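Okay, so here's the structure we're looking at.
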Amino acid sequence: MNSSPVVIVTGAAGNLGQAVATHLGSLGYRLLLIDLHQPEWEGESDAVSIGNVDLTLPEHAQEVVNQAWEYFGQIDAVVNIAGGFVWERQAESSLDTWNTQYAMNVQTTVNMCQAILPLFQDQQSGVIVNIGAAAASKAAEGMGAYSAAKSAVLRLTEALAAENKHLGIRANAVLPSILDTPANREAMPDADPADWVAPDSLAGVIGFLLSDAARDINGAGIPVTGRV
């Protein structure tokens, strides 16, 4: 019987999601990989990929938890990567941008946390790692809506940690700057990607936060900023 820890990874079809899945798979974690698009998995670890999951809908988040439990019989951690970014100066912005950023970054995270908490509270264990951003503490040009959304993710993480620490549940957030992805290279052709954060580097930090070595870290926002 396989007793390796089970981790739900949201946003698993994206660059960071793939890097996290690959890293956790190499460590022997069993994985439920979910996204709006079908996540690809070629690793050797036991993994299930599910596409067409819209985590802005609470019922989809609950179904993810149900399917993970049905397949593995246990859930030990959740990594909430699902989200999105829009760069838009406020003078040209609209409420739609703010609502979209809230839905993509905050609603998705809230819904997954809300769905998994009863199980974690019942078993008195569980780890949540949320993806914030360095911009959660200070917005730059064109990043008002995004920064506000990621700040909400960080505040949610802190509240989850405070409310559930007595139950053996940990919640932390990573706060990356710019990820080295094809989309970011295309959007910023004059920048030096060597200054940015490699997805596999951030995946290593996430892996650490899931591990027992991080058992005394709770409610933290961990900056992962490269040379930005």
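Residue numbers (my numbering): 6 to 233. The beta carbon of each residue, even a glycine, is placed where N, CA and C say it ideally should be. Here the structure is a predicted model, which means the values were calculated and not measured.
- At the C-beta level, residue 231 and residue 201 come within 7 Å of one another.
- Per DSSP, the unbroken beta strand (DSSP E) holding residue 12 starts and ends at 11-14.
- Just so you know, the alpha carbons of residue 123 and residue 197 end up roughly 44 Å apart.
- In this structure, the beta-carbon distance from residue 169 to residue 135 does not fall below 7 Å.
- Between the C-alpha atoms of residue 16 and residue 41 there is a straight-line separation of about 8 Å.
- As the crow flies, the alpha-carbon of residue 98 is around 12 Å from that of residue 146.
- Leaving aside the five residues that flank residue 11 on each side, the residues in its chain whose CB is nearer than 8 Å to its CB run, in chain order, 34, 35, 36, 37, 73, 77, 79, 80, 81, 82.
- When DSSP reads this structure, residue 54 sits in a beta bridge with 38.
- Taking residue 58 as the centre and dropping the five residues before and after it, the same chain places the C-beta of 39, 40, 41, 65, 69 closer than 7 Å to its C-beta, in chain order.
- Separation of residue 130 and residue 165 (C-alpha to C-alpha, rounded to the nearest whole angstrom) is 13 Å.
- In the structure shown, residue 189 adopts helical secondary structure according to DSSP, grouped into three states.
- Beyond the five residues adjoining it in sequence on each side, residue 18 comes within less than 6 Å, by CB distance, of 40, 42, 44 in the same chain, given in chain order.
- Here residue 138 is buried: its Cβ has 16 or more other Cβ atoms, across all protein chains shown, within 10 Å.
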